[in-house]
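The listed protein sequences correspond, in order, to chains A and B. Number 267 in this note's numbering belongs to position 252 of the first sequence; there are no gaps in the numbering. Number 163 in this note's numbering belongs to position 148 of the second sequence; there are no gaps in the numbering. Glycine included, each C-beta is placed from N, C-alpha and C at the ideal position. One structure is given here, and the rest of the page talks about it.
2 protein chains.
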Amino acid sequence: MQGEIRLGILGGGQLGRMLLQAGIDLNLYTLILDPDAEAPCKSLCDEFFVGSFADYDTVYNFGKKCDVVTIEIEHVNTDALLKLKQEGVKVFPEPEVIKIIQDKGLQKEFYCHNGIPTADFRLLQNKAELIENADFLPAFQKLRTLGYDGRGVTRLTSSADFEKSFEAPTVLEKLVDYEKELSVIVARNPNGEVSCFPAVELVFHPVHNLVDYLFSPAAISPEVEQKAQKVAKRVIQALNMVGLLAVEMFLTKDGEILVNEVAPRPHNSGHHTYKANLTSQFEQHLRAILNLPLGNTQSHSAAVMLNLLGEPGYSGLAQYEGLQEALALPGVSIHLYGKKITRPARKMGHVTITANTVAEATQKANQVKEVIKVKA
Amino acid sequence: MQGEIRLGILGGGQLGRMLLQAGIDLNLYTLILDPDAEAPCKSLCDEFFVGSFADYDTVYNFGKKCDVVTIEIEHVNTDALLKLKQEGVKVFPEPEVIKIIQDKGLQKEFYCHNGIPTADFRLLQNKAELIENADFLPAFQKLRTLGYDGRGVTRLTSSADFEKSFEAPTVLEKLVDYEKELSVIVARNPNGEVSCFPAVELVFHPVHNLVDYLFSPAAISPEVEQKAQKVAKRVIQALNMVGLLAVEMFLTKDGEILVNEVAPRPHNSGHHTYKANLTSQFEQHLRAILNLPLGNTQSHSAAVMLNLLGEPGYSGLAQYEGLQEALALPGVSIHLYGKKITRPARKMGHVTITANTVAEATQKANQVKEVIKVKA
Numbered sequence: 016m017q018g019e020i021r022l023g024i025l026g027g028g029q030l031g032r033m034l035l036q037a038g039i040d041l042n043l044y045t046l047i048l049d050p051d052a053e054a055p056c057k058s059l060c061d062e063f064f065v066g067s068f069a070d071y072d073t074v075y076n077f078g079k080k081c082d083v084v085t086i087e088i089e090h091v092n093t094d095a096l097l098k099l100k101q102e103g104v105k106v107f108p109e110p111e112v113i114k115i116i117q118d119k120g121l122q123k124e125f126y127c128h129n130g131i132p133t134a135d136f137r138l139l140q141n142k143a144e145l146i147e148n149a150d151f152l153p154a155f156q157k158l159r160t161l162g163y164d165g166r167g168v169t170r171l172t173s174s175a176d177f178e179k180s181f182e183a184p185t186v187l188e189k190l191v192d193y194e195k196e197l198s199v200i201v202a203r204n205p206n207g208e209v210s211c212f213p214a215v216e217l218v219f220h221p222v223h224n225l226v227d228y229l230f231s232p233a234a235i236s237p238e239v240e241q242k243a244q245k246v247a248k249r250v251i252q253a254l255n256m257v258g259l260l261a262v263e264m265f266l267t268k269d270g271e272i273l274v275n276e277v278a279p280r281p282h283n284s285g286h287h288t289y290k291a292n293l294t295s296q297f298e299q300h301l302r303a304i305l306n307l308p309l310g311n312t313q314s315h316s317a318a319v320m321l322n323l324l325g326e327p328g329y330s331g332l333a334q335y336e337g338l339q340e341a342l343a344l345p346g347v348s349i350h351l352y353g354k355k356i357t358r359p360a361r362k363m364g365h366v367t368i369t370a371n372t373v374a375e376a377t378q379k380a381n382q383v384k385e386v387i388k389v390k391a
Numbered sequence: 016m017q018g019e020i021r022l023g024i025l026g027g028g029q030l031g032r033m034l035l036q037a038g039i040d041l042n043l044y045t046l047i048l049d050p051d052a053e054a055p056c057k058s059l060c061d062e063f064f065v066g067s068f069a070d071y072d073t074v075y076n077f078g079k080k081c082d083v084v085t086i087e088i089e090h091v092n093t094d095a096l097l098k099l100k101q102e103g104v105k106v107f108p109e110p111e112v113i114k115i116i117q118d119k120g121l122q123k124e125f126y127c128h129n130g131i132p133t134a135d136f137r138l139l140q141n142k143a144e145l146i147e148n149a150d151f152l153p154a155f156q157k158l159r160t161l162g163y164d165g166r167g168v169t170r171l172t173s174s175a176d177f178e179k180s181f182e183a184p185t186v187l188e189k190l191v192d193y194e195k196e197l198s199v200i201v202a203r204n205p206n207g208e209v210s211c212f213p214a215v216e217l218v219f220h221p222v223h224n225l226v227d228y229l230f231s232p233a234a235i236s237p238e239v240e241q242k243a244q245k246v247a248k249r250v251i252q253a254l255n256m257v258g259l260l261a262v263e264m265f266l267t268k269d270g271e272i273l274v275n276e277v278a279p280r281p282h283n284s285g286h287h288t289y290k291a292n293l294t295s296q297f298e299q300h301l302r303a304i305l306n307l308p309l310g311n312t313q314s315h316s317a318a319v320m321l322n323l324l325g326e327p328g329y330s331g332l333a334q335y336e337g338l339q340e341a342l343a344l345p346g347v348s349i350h351l352y353g354k355k356i357t358r359p360a361r362k363m364g365h366v367t368i369t370a371n372t373v374a375e376a377t378q379k380a381n382q383v384k385e386v387i388k389v390k391a
């Protein structure tokens with residue numbers, strides 16, 4: 016941290032963009048690798064490389080230019096990252112951790128081996144094995160690898176749903192009768208310092224399976240908050256990882272916490288922290304991977320976060336309707352991702368609404384949802 | 016604000032950099048003009064042009080590429096900006112306003128004509144006129160134009176100081192026996208909406224005349240706060256300007272507010288807002304010039320801001336000492352400007368310390384000041 020650090024990020028989308036934004040504070044020399052020449056990060060870094068982060072040589076050659084390499088997406092070539100690590104490049108999160116998290120089957124086994132509470136599951140090779148496990152329904156069937164943002168997940172209520180099931184290695188996860196979905200973002204630096212953000216509550220869109228509303232703080236008892244933070248810390252410590260880990264959880268109707276899944280990077284469930292907490296998730300991730308002391312995660316305002324998704328029926332050059340009206344509401348701020356092209360349900364930005372209480376913020380959030388539309 | 020806006024900024028230093036940082040939220044296409052090819056903004060914009068912002072053709076040609084042009088420094092070619100304005104480019108602050116503020120003599124006359132309280136002054140053409148006005152001392156002599164960051168100001172206590180006086184058009188400003196120096200940052204958008212940030216107190220370095228400590232909120236009564244905000248609003252309304260205006264003031268020992276000088280752009284006295292207020296001064300400036308509703312300026316935390324100046328005796332590639340120790344204190348965040356080269360008293364970054372009270376933040380600020388050093 017004495018001179019300029021060369022930080023490489025695999026992925027140049029909105030998460031990379033928000034990392035670069037936070038990184039402006041820290042005198043970094045930044046390098047981005049993304050397959051899309053028009054990625055949101057392209058004008059905000061020192062060097063931008065177009066290439067596949069799944070390709071061994073591309074990732075290896077990119078990483079050789081960096082002091083520290085991190086990710087904004089898990090679907091990266093971990094073999095190249097392992098090689099870079101062996102050769103002295105700092106890679107956070109560690110390639111071994113990314114390997115586990117890339118595969119929802121390994122992830123579930125990891126929870127079991129480490130006494131981390133999670134929903135019951137079975138690992139399936141193919142559809143034939145699914146049929147043999149019909150007794151396990153209702154359940155979610157999730158592709159073991161390459162799922163993202165709700166893709167690669169299907170809900171199977173009975174054998175009548177088998178036609179929409181996957182013919183691939185999957186995790187069949189028992190449906191949990193939950194009260195709320197929570198997320199705790201936890202960070203750990205190489206010194207072993209660990210710090211959690213306050214738990215938030217997530218409400219997912221029933222169709223897209225993307226975060227529809229985020230409420231901070233979550234409406235939970237101090238006991239549940241403590242339990243959720245304890246679980247998040249246990250996961251990051253069991254993984255022995257450095258960086259940020261978003262731990263999505265179910266709070267069951269009888270007050271238990273079950274880990275749903277994790278992401279070893281900044282996460283949609285932490286976007287509000289930029290406007291509502293003393294340290295943002297993006298600054299915290301950078302502090303962690305640069306081995307700086309972790310920041311104060313306290314929230315200073317209640318917040319609701321809404322994703323701005325491309326309106327159904329519109330594809331093409333993005334046009335934003337209703338920003339004036341939305342921003343006229345006190346406490347409303349917008350964050351657009353700089354994507355030129357909108358598509359139905361594409362994540363184009365988000366809105367954070369801060370207020371004294373979540374109820375007050377929610378009321379404004381409902382107004383915002385009415386007025387802002389991303390069209391083409 | 017529907018599609019992408021082409022925003023040009025004259026000046027690519029730290030203020031431009033922090034504007035770009037805030038602009039990431041707003042889907043802007045950004046263009047920067049700066050004479051230094053290594054300016055802090057160079058890797059954070061869509062197009063970076065090396066050239067003089069004092070040159071008519073350079074500014075005009077740059078501005079023609081933009082929908083909106085703003086500044087991070089006043090010393091720009093206002094004739095080119097006037098021409099751009101006539102040709103339909105939005106220029107905020109307005110060239111006419113920049114012209115007044117560029118010249119401390121016109122600025123003082125403006126206050127007089129508009130009933131804005133300010134210290135007594137005389138306008139001098141040269142040293143001969145200064146000698147004729149020896150009865151006016153003690154006073155500050157300020158160059159009418161091109162002063163910046165404490166340069167171009169000298170304190171004259173008696174005629175014995177005449178040898179350090181300026182041989183140029185100057186303002187001779189009566190020394191004010193003040194209690195505190197305050198700053199109120201106020202914003203106005205084209206709709207005429209006006210909003211102030213809470214007043215802060217500034218303590219200047221006795222030698223460099225740069226801000227040494229900033230305290231937010233200022234320790235003043237609600238009556239003084241109200242009076243200071245009223246004065247700031249009166250100035251921006253009298254100027255009839257759009258954008259951000261930092262109004263530096265003296266609070267005299269008998270409770271009067273006198274305007275010292277103003278800057279029509281983000282200002283050192285608003286750096287803490289990024290970490291301690293619901294809207295930062297940078298976001299507010301962008302909202303104002305893009306004719307968006309202004310943001311909520313409320314402070315959520317008490318704060319102290321320290322400038323990180325290059326240590327005396329060191330010039331060359333900047334090295335930052337003590338960042339680890341400083342960041343380990345809860346509430347401390349750093350913002351480095353990405354300048355490769357340090358020089359004595361060069362502004363290299365700043366530190367913001369947030370806490371529940373200014374007293375608590377000040378205690379930590381003193382520790383920070385001990386440990387962080389910018390050397391070479």
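Against chain B, a Cβ distance below 7 Å from Asn311(A) picks out Pro345 and Gly346.
Spanning the alpha carbons of Lys354(A) and Val91(A) requires a straight line of approximately 22 Å. Here Ser231(A) is bridged, per DSSP, to Ala318(A). Boundaries of the alpha helix (DSSP H) around Asp94(A): Thr93 to Gln101. Under the three-state reduction of DSSP, Ile146(A) is assigned to helix. Residues of chain A with a Cβ closer than 7 Å to the Cβ of Gly331(B) do not exist, since the nearest Cβ in that chain sits about 11 Å away. Residue range Ala154 to Leu158 is occupied by the beta strand (DSSP E) that includes Gln156(A). The beta-carbon of Ile47(B) is placed no less than 8 Å from the nearest beta-carbon of chain A.
Using a CB distance cut-off of 8 Å, Gly78(B) does not count as an interface residue toward chain A. Rounded to the nearest angstrom, the gap between the Cα atoms of Val222(B) and Leu190(B) is 17 Å. Using beta-carbon distances, Asn42(A) counts as an interface residue toward chain B, with a partner under 8 Å. The beta carbons of His282(B) and Ala261(B) sit about 3 Å from each other, so the pair counts as a contact at 8 Å.
Contacts with chain B at 8 Å (Cβ-Cβ) do not include His287(A). Counting C-beta atoms within 10 angstroms of its own C-beta, Arg280(A) has 16 or more neighbours from the protein chains shown and is therefore classed as buried. Ala54(B) and Asp150(B) have their C-alpha atoms roughly 45 Å apart. Linking Ala37(B) to Pro232(B) through their CA atoms gives a straight-line distance of about 23 Å.
Only Cys60 and Asp61 from the segment 60 to 76 of chain A bring a Cβ to less than 7 Å from some Cβ of chain B.
Within the model, the alpha-carbon separation for Gln339(B) versus Ile88(B) is close to 32 Å. A check of alpha carbon separations from Phe212(A) across Ala360(A), Arg203(A) and Gln140(A) identifies Arg203(A) as the nearest. Nearest C-alpha to Pro308(A) among Ser348(B), Val168(B), Glu271(B) and Gln313(B): Ser348(B).
Around Ser58(B), the beta-carbon contacts reaching into chain A at under 9 Å are Tyr44, Thr45, Ser58, Leu59, Cys60, Asp61 and Glu62. Residue contact with chain A for Arg32(B): present (Cβ-Cβ distance below 8 Å to some residue of chain A). Contact of Ser174(B) with chain A by beta-carbon distance below 7 Å is absent, the smallest such distance being about 47 Å. Taking the Cα positions, Gln334(B) is about 11 Å away from Asn42(A).
DSSP, read as helix, strand or coil, puts Cys81(A) in coil.
Residues of chain B whose Cβ lies closer than 7 Å to the Cβ of His350(A) are, in chain order, Asp40. Close partners of Ser316(A) in chain B (Cβ separation under 9 Å): Leu293 and His315.
Under the three-state reduction of DSSP, Arg21(B) is assigned to strand. Residue pairing from DSSP leaves Ile251(B) without any beta-bridge partner. In this structure Lys268(A) is exposed. Its beta-carbon is surrounded by fewer than 16 other beta-carbon atoms within 10 angstroms. Inter-residue distance for Leu121(B) and Ile115(B) is about 5 Å (C-alpha atoms, whole angstroms).
Interface flag for Pro308(A) against chain B is set, since a Cβ pair is found closer than 8 Å. Excluding five sequence positions before and after Thr85(A), the CB atoms of its chain that fall closer than 6 Å to its own CB belong to Ile24, Phe107 and Ile304, given in chain order.
Comparing alpha-carbon positions, the option among Val250(A), Leu46(A) and Gly328(A) lying closest to Gly26(A) turns out to be Leu46(A).
In terms of Cα proximity to Leu332(B), the closest of Thr172(B), Gln313(B) and Lys390(B) is Lys390(B). Remark: C-beta atoms of Lys123(A) and Val186(A) approach each other more closely than 8 Å.
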